[in-house]
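*Asks:* What follows is a structure written as structure tokens; I'll ask about it next.
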Amino acid sequence: GGSAMTVMGIWAMVDRSGFKEIVAAHDLLHTAAYIIITVGSVLFIVGFMGCFGAIRENRPILMIFFVLILMIFLMEFICGILAFIFRKHLNEKYFLDELKDLYQGDNHTEVFTTTWNSIMITFSCCGVTGMDDFKEAVKFNALFPGFVVPEALIKKEFVVVLFQGCYNKIVDYMKEYMYLTLSLVVVVMLIEVMTREHLSNLVVGLTISSPYHSMSLTKWP
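Numbering (full-length UniProt numbering), first residue to last: 1 to 221.
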């Protein structure tokens, strides 16, 4: 589970389809990616400690394991809040407003512009909802008067693509990974529940069988 979260966070930071530029350009997404990587790494370490403590029947390590589990729950709660914020902000209107205000065409190295160029070419799409989005792109129209769409799309001869927006294609792309992620989360949760129950019984057993506890029972009237 921890390794899966770490891989997801790293994927968001390095994905070549354009998501790494989107993440880098937005502080909130950038922070969330690092949180996911951190939580995933911690989960991996904690999982290793739990397995090691259970195999060795080491009570101190198991107690540390339970404390770390409580801390992880808090971090997961924070990630849930961030996910809810992303859900409300990263909608079609949000991207459309960003495109109209920031997109500068093909000949610019600005992060947002190069990201959109990469996304449109990679996903074979045009704008957020279609080619009409560029009619209101302020900077694009000022820099390239008379151009209906970016020159890169014309060079690629994307005739049908001009009428296909990128938002739905990105959502579909994300859903493919989302379903896989949700499946992994369910499996990890089931494993965690079974592991906690087993380790709880183990800690109780170790406590009862400890020398100190045996002495206390012996001296009890």
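Heads up, the beta-carbon is just placed ideally off N, CA and C, and yes, glycines get one too. The model shown is predicted, which means the values in this text are computed figures rather than measured ones.
Can you check which of these residues, Leu143, Cys125, Phe147, Ala137, is closest to Asp172 by C-alpha distance?
*Replies:* The option with the nearest alpha carbon to Asp172 is Cys125.
*Asks:* Where do the ends of the alpha helix (DSSP H) carrying Asp97 lie?
*Replies:* Element bounds for Asp97: 92–102.
*Asks:* Excluding the 5 residues flanking Val128 on each side, which residues of the same chain have their C-beta closer than 7 Å to its C-beta?
*Replies:* Answer for Val128: Glu92, Phe95, Leu96, Leu99, Gly165, Cys166, Tyr167, listed in chain order.
*Asks:* So, helix, strand or coil for Phe144, using DSSP?
*Replies:* Three-state DSSP puts Phe144 in coil, outside helix and strand.
*Asks:* Could you tell me how far apart the beta carbons of Met75 and Ile64 are, in whole angstroms, since I believe they sit closer than 8 Å?
*Replies:* With 8 Å as the limit, Met75 and Ile64 do not qualify as a contact, their Cβ atoms being about 16 Å apart.
*Asks:* How big is the Cα-Cα spacing for Gly146 and Met131?
*Replies:* Their Cα atoms are separated by approximately 14 Å.
*Asks:* Excluding the 5 residues flanking Val148 on each side, which residues of the same chain have their C-beta closer than 7 Å to its C-beta?
*Replies:* Hits under 7 Å: Met131, Phe134.
*Asks:* Could you give the first and the last residue of the continuous alpha helix (DSSP H) run that contains Met120?
*Replies:* From DSSP, the alpha helix (DSSP H) with Met120 extends over 111–123.
*Asks:* How about Phe73 and Gln104: do their beta carbons lie closer than 8 Å?
*Replies:* No, they are not a contact pair.
*Asks:* Applying the 10 Å Cβ sphere with the 16-neighbour rule, what's the burial state of Met120?
*Replies:* Looking at its Cβ environment, which holds 16 or more other Cβ atoms inside 10 Å, Met120 is buried.
*Asks:* If you draw a straight line from the C-alpha of Leu82 to the C-alpha of Ile35, how long is it?
*Replies:* Cα-Cα distance, rounded: 10 Å.
*Asks:* Output yes or no for whether 8 Å exceeds the beta carbon distance between Phe123 and Ile170.
*Replies:* It is a contact, given that the beta carbons lie within the stated cut-off.
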